[in-house]
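Visitor: Numbering-wise, numbering that gives the first Met the number 0 puts 43 at position 44 of the sequence shown, and it's gapless, one number per residue. For every residue, glycine included, the Cβ atom is placed at its ideal position computed from N, Cα and C. As the structure is a computational prediction, the values presented were derived from the model and not from experiment.
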Amino acid sequence: MSLSKISSLQAYHMGLYRSAIHPEFFRIEGRSRIAHGDYEFEAWICHGGHALRFEHNGLCVTEAVSEEIDQLPDRGHVTTLPCAGERDHEADFAERINYVTSIQTETLTDHLYLGTYNEMLEHGRMGECLMSVWKDGSQRPNLSLLDYQRYGTEVHVQAYHLRSDCSLVLRTQSIFQIKD
């Protein structure tokens, strides 16, 4: 693995907050908002990152995945996790919201990366996914995709960030759930 591949992979982090984050911290390419029952959910997609906000009865939980996590505010910050490798995290917010996430990264060969890119692009176009598609300086394809499902008391989110400069696939699966 080249040094640039290691550096790009190690730059990605997931930040968890107990407050909303202002949109000025992101270069938002697309957004979606739902109000369902007792909660509100908002998703933002960016080149190579995303932000998810879940709010219930005045309590807010925000997940942000970015290469520039150090540029995000300290206010409301709960924890930061590196995305390299595979990890799980669970947090309880005021005994009202449960948050669970699983993060996986994989560095692929160029051929496998392109096949995965095409498969995910088709998935995004067939579903109601938020997507950001762009080419890097070498005109290679990149993709960030958010797919989510809403339920009575919870939202499930799958995020995929495919980076051609390092053949990286970063996947997060998160659940925001109202506790009884």
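1. Consult DSSP for I44 and reduce its assignment to one of helix, strand or coil.
2. Given this structure, state the Cα-to-Cα distance separating H155 from G136, to the nearest angstrom.
3. Are there 16 or more other CB atoms within 10 angstroms of the CB of T171, so buried, or fewer, so exposed?
4. Is the beta carbon of H110 less than 8 Å from the beta carbon of T100?
5. Can you name the start and end residues of the alpha helix (DSSP H) that Y112 belongs to?
6. So, L129 versus I33, is the Cβ gap smaller than 8 Å?
7. Can you tell me whether M0 is helix, strand or coil according to DSSP?
8. State the CB to CB distance for the pair I102 and E85, rounded to an integer number of angstroms; the pair is presumed to be in contact (CB under 8 Å).
9. Considering H21, what are the terminal residues of the beta strand (DSSP E) in which it resides?
10. Alpha carbon to alpha carbon, how far is R139 from R95?
11. Check each candidate in A19, L107, V60 and name the one with the smallest Cα separation from I177.
Guide: Let me lay it out:
1. strand
2. 34 Å
3. buried
4. no
5. 109 to 125
6. no
7. Since pLDDT at M0 reaches only 41, below the 50 mark, its modelled position is unreliable, and the value read off the structure follows with that caveat. Note: M0 maps to coil in three-state DSSP.
8. 7 Å
9. Taken as a continuous stretch (DSSP letters only), H21 belongs to no beta strand (DSSP E), as it is neither H nor E.
10. 44 Å
11. V60
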